[in-house]
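Numbering (the numbering used here), first residue to last: 258 to 696. We put the CB at the ideal spot given by N, CA and C, even for glycine.
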Amino acid sequence: MKIIIAIAVFLFFILVFSGCSEDPVQQPPEISFFRVINSGTLYALDTLKFDLVVQSEYPVSSLKMSLKSNEGTVLLSHVWNQENSHEITLYDEAFLLSRKDLETGTYMLEAYVYAENGTAKDIRDVPLVALAPEVERVILVCHNNELTTTIGVLDSDLSFSEMFSLNGDFLDAYADSDDEFLYTVGSMSGNLICTSLKTFEEVWQYGVDTNPPFPKFRAALLSEDHIWVSIHPDYILGFDKIGVEKFRANLSTERYPESMIIDDNLVVVEEFSKATAKKSLSRWWRVSGALMESHETFADDLILMGFHDNELYYAEVNDAISSIYAIDLYYNSRRWLFDYQGVFKMSCRGSNGTYFLTSGPDLYVYSPDYSVEFRHTFHQPVESMTYDNLNAILYVIAGNAVFKYSTAQNIVEKTNTFDASPDKVVIQYNRNLFTSEMY
Numbered sequence: 258m259k260i261i262i263a264i265a266v267f268l269f270f271i272l273v274f275s276g277c278s279e280d281p282v283q284q285p286p287e288i289s290f291f292r293v294i295n296s297g298t299l300y301a302l303d304t305l306k307f308d309l310v311v312q313s314e315y316p317v318s319s320l321k322m323s324l325k326s327n328e329g330t331v332l333l334s335h336v337w338n339q340e341n342s343h344e345i346t347l348y349d350e351a352f353l354l355s356r357k358d359l360e361t362g363t364y365m366l367e368a369y370v371y372a373e374n375g376t377a378k379d380i381r382d383v384p385l386v387a388l389a390p391e392v393e394r395v396i397l398v399c400h401n402n403e404l405t406t407t408i409g410v411l412d413s414d415l416s417f418s419e420m421f422s423l424n425g426d427f428l429d430a431y432a433d434s435d436d437e438f439l440y441t442v443g444s445m446s447g448n449l450i451c452t453s454l455k456t457f458e459e460v461w462q463y464g465v466d467t468n469p470p471f472p473k474f475r476a477a478l479l480s481e482d483h484i485w486v487s488i489h490p491d492y493i494l495g496f497d498k499i500g501v502e503k504f505r506a507n508l509s510t511e512r513y514p515e516s517m518i519i520d521d522n523l524v525v526v527e528e529f530s531k532a533t534a535k536k537s538l539s540r541w542w543r544v545s546g547a548l549m550e551s552h553e554t555f556a557d558d559l560i561l562m563g564f565h566d567n568e569l570y571y572a573e574v575n576d577a578i579s580s581i582y583a584i585d586l587y588y589n590s591r592r593w594l595f596d597y598q599g600v601f602k603m604s605c606r607g608s609n610g611t612y613f614l615t616s617g618p619d620l621y622v623y624s625p626d627y628s629v630e631f632r633h634t635f636h637q638p639v640e641s642m643t644y645d646n647l648n649a650i651l652y653v654i655a656g657n658a659v660f661k662y663s664t665a666q667n668i669v670e671k672t673n674t675f676d677a678s679p680d681k682v683v684i685q686y687n688r689n690l691f692t693s694e695m696y
């Protein structure tokens, strides 16, 4: 009897295990062939051509191509969606290197395949040479008595060709190279407007109420990745280039901002004190919007010049003297640099650590190496300056005239007078050139 039971148990286990076969091993998709066709070196804005063959036992849903830096940062990507295909064959496929700000170097082109049972990837090196920086166009912003802002292009002779107009007055503008957008800020109109330089249509707008006695917009700064505006008496706002708010700092009701300057970590603001009629220098953290420090000066005016060797260069201006200082914003240590017997009104950063300064119609250049030198006298007080860092040209607005001043030759190359009132010259480059030398 025991033998019969043992045989029965043995046969039972045989039947059970014979019905349980192992699942077949699921082979993930395989990139069987991948090559970059372009021979030689690619350039930014070129079209990269490649061949690629993918084979898979299970349906493939998509293929993603990415251009990555050596650190693994995705700079560009494109997805090809598939419909239950077991094989992808791409020959002479195009991948546009659409970013203008790519630097010279070797990048990684990664093919990443998604299938029902897994993924596969392969990488090829892509040598790339950066697009040579050039001035794409010189834009002039003007206003007239009807509170209309007119935007157009200046040619090499400063002849003006109108592109489009905006309702409202003007405070500041910046032209972006990557997306070819022009950002304009109006003080009385209370609008921050992003306009396409391709279609001349409005892309997005941020508006605020305008209630007397003060215009809402008191200061504006447009930089390589943010649009910064101060809205009296409430706060400073920082937007990214598509109009999403990224920064907010609440302001004191006892002071209002008049100018700003930005570094990697801080928003530095010149503020006017209602109680003393003097200027304060405030520092706000970019990440949190929290106030780092604020101190009042004895100056009637402050000119925020620029950053140099981790210090902020600025001028304290009083009745008959302008004193240039360098302040370490993190350790709050300040050192005197130079005194000028006169009243500076504005500054503009030049090349190699120099700064252009104006006193009425007179133009000066300041350098830590040789102090302040006189350069030129214009026919009227200077109202705006814009420096073309590539060609060493300073565009100056004085009265209704625009001057094209060669800083290398110390001469005015061209002049043009307009019926409307010029506000600012904006340089649009074919790639973003923001470095520490450009602030």
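Inter-residue spacing [alpha-carbon to alpha-carbon] between residue i and residue j
i: tyrosine 571; j: glutamate 528; result: 14 Å
i: glycine 447; j: glycine 500; result: 15 Å
i: leucine 305; j: glycine 297; result: 11 Å
i: asparagine 341; j: leucine 324; result: 26 Å
i: tyrosine 597; j: leucine 620; result: 13 Å
i: tyrosine 627; j: leucine 647; result: 23 Å
i: isoleucine 519; j: asparagine 374; result: 49 Å
i: serine 289; j: leucine 347; result: 12 Å
i: histidine 633; j: leucine 651; result: 12 Å
i: proline 384; j: glutamate 350; result: 18 Å
i: valine 273; j: phenylalanine 352; result: Unreliable placement is indicated for valine 273, whose pLDDT of 47 sits below 50; the coordinate value is still reported in the next sentence. Roughly 55 Å between the two C-alpha positions.
i: asparagine 609; j: aspartate 566; result: 12 Å
i: alanine 556; j: arginine 688; result: 39 Å
i: glutamate 391; j: glutamine 685; result: 9 Å
i: proline 618; j: glycine 656; result: 10 Å
Spatial neighbours of residue i in its chain, beta-carbon cut-off 6 Å, leaving aside the 5 residues before and after
i: valine 526; result: Pro514, Met517, Ser539
i: alanine 649; result: Thr664, Ala665
i: valine 336; result: Ser319, Lys321
i: cysteine 451; result: Phe438, Tyr440, Val460, Trp461
i: phenylalanine 291; result: Leu309, Ala368, Asp379
i: valine 683; result: Ile396, Ala430, Ala432
i: glycine 607; result: Phe613, Tyr644
i: valine 266; result: Annotation note: pLDDT 48 at valine 266 (below 50); position unreliable, no value reported.
i: tyrosine 587; result: none
i: tyrosine 211; result: Absent from the model: residue 211. The displayed extent of the chain is 258 to 696, so no value can be given.
i: serine 604; result: Ile560, Met562, Tyr612, Leu614
Pair within 9 Å by beta-carbon distance, residue i and residue j
i: valine 442; j: valine 486; result: yes
i: tyrosine 364; j: serine 326; result: yes
i: lysine 602; j: serine 580; result: no
i: histidine 434; j: aspartate 358; result: The displayed chain sequence assigns serine, not histidine, to residue 434. A contact, by the Cβ cut-off of 9 Å.
i: valine 639; j: glutamate 630; result: no
i: alanine 377; j: proline 316; result: no
i: leucine 454; j: phenylalanine 496; result: no
Identity of the residue in the options nearest residue i by Cα
i: lysine 562; options: Asp491, Ser551, Asn295, Ser624; result: Correcting the residue type first, residue 562 is methionine in the shown sequence and not lysine. The shortest Cα separation from methionine 562 among Asp491, Ser551, Asn295, Ser624 belongs to Ser624.
i: alanine 372; options: Glu314, Phe555, Glu573, Leu614; result: Glu314
i: glutamine 637; options: Glu340, Phe352, Val659, His565; result: Val659
i: tryptophan 593; options: Asp585, Asp414, Gly546; result: Asp585
i: glycine 425; options: Ser641, Leu478, Ser444, Tyr587; result: Ser444
i: phenylalanine 564; options: Gln685, Asp349, Asp521, Ser530; result: Asp521
i: serine 422; options: Asp412, Ser416, Thr407; result: Thr407
i: tyrosine 644; options: Lys681, His633, Leu508; result: Lys681
i: leucine 366; options: Ala389, His343, Val331; result: Val331
i: glutamate 573; options: Tyr587, Gly610, Lys535, Asn673; result: Lys535
i: serine 551; options: Leu508, Ala583, Tyr582; result: Leu508
i: leucine 559; options: Asn567, Gly546, Ser530, Asp566; result: Ser530
i: isoleucine 294; options: Gly362, Thr611, Arg381; result: Arg381
i: lysine 503; options: Gly546, Gly464, Leu569, Ala532; result: Gly546
i: glycine 362; options: Phe307, Ala387, Ser355; result: Ala387
i: leucine 569; options: Arg591, Ser678, Ser537; result: Arg591
i: leucine 404; options: Leu428, Phe417, Gly464, Asp303; result: Leu428
i: valine 311; options: His400, Ala532, His343; result: His343
Cβ shell of residue i (< 7 Å), same chain only, five flanking positions each side left out
i: threonine 692; result: Reliability of the predicted coordinates at threonine 692 is poor, the pLDDT of 42 falling under 50, and the value obtained from them is presented with this limitation in mind. Hits under 7 Å: none found.
i: methionine 420; result: Ile408, Gly409, Val410, Phe457
i: methionine 254; result: As shown, the chain starts at 258 and ends at 696. That puts residue 254 outside it, with no answer to give.
i: serine 278; result: Low per-residue confidence applies at serine 278: pLDDT is 47, beneath 50, and the placement is therefore not dependable, though the value from the model is reported in the following sentence. Cβ within range, chain order: n/a, list empty.
i: serine 334; result: Lys321, Met322, Ser323
i: glycine 329; result: none
i: arginine 394; result: Val410, Gln685
Limits of the beta strand (DSSP E) - the one that residue i falls within
i: glycine 375; result: 375 to 386
i: lysine 321; result: 304 to 325
i: proline 514; result: 512 to 519
i: lysine 671; result: 668 to 674
i: threonine 363; result: 362 to 372
i: asparagine 402; result: Premise fails: asparagine 402 is in no beta strand (DSSP E) and is neither H nor E.
i: aspartate 429; result: 429 to 432
i: glutamine 339; result: 331 to 353
i: lysine 536; result: 536 to 542
Spatial neighbours of residue i in its chain, beta-carbon cut-off 8 Å, leaving aside the 5 residues before and after
i: glutamine 339; result: Pro316, Val317, Ser318, Ser319, Leu320, Ile345
i: alanine 506; result: Tyr492, Ile493, Val524, Trp541, Gly546, Ala547, Leu548
i: glutamate 234; result: Examination of residue 234 is not possible in this model, given that the chain is present from 258 through 696 alone.
i: methionine 415; result: It should be pointed out that residue 415 corresponds to leucine in this sequence rather than to methionine. Around leucine 415: Val659, Lys661, Lys671, Thr672, Asn673.
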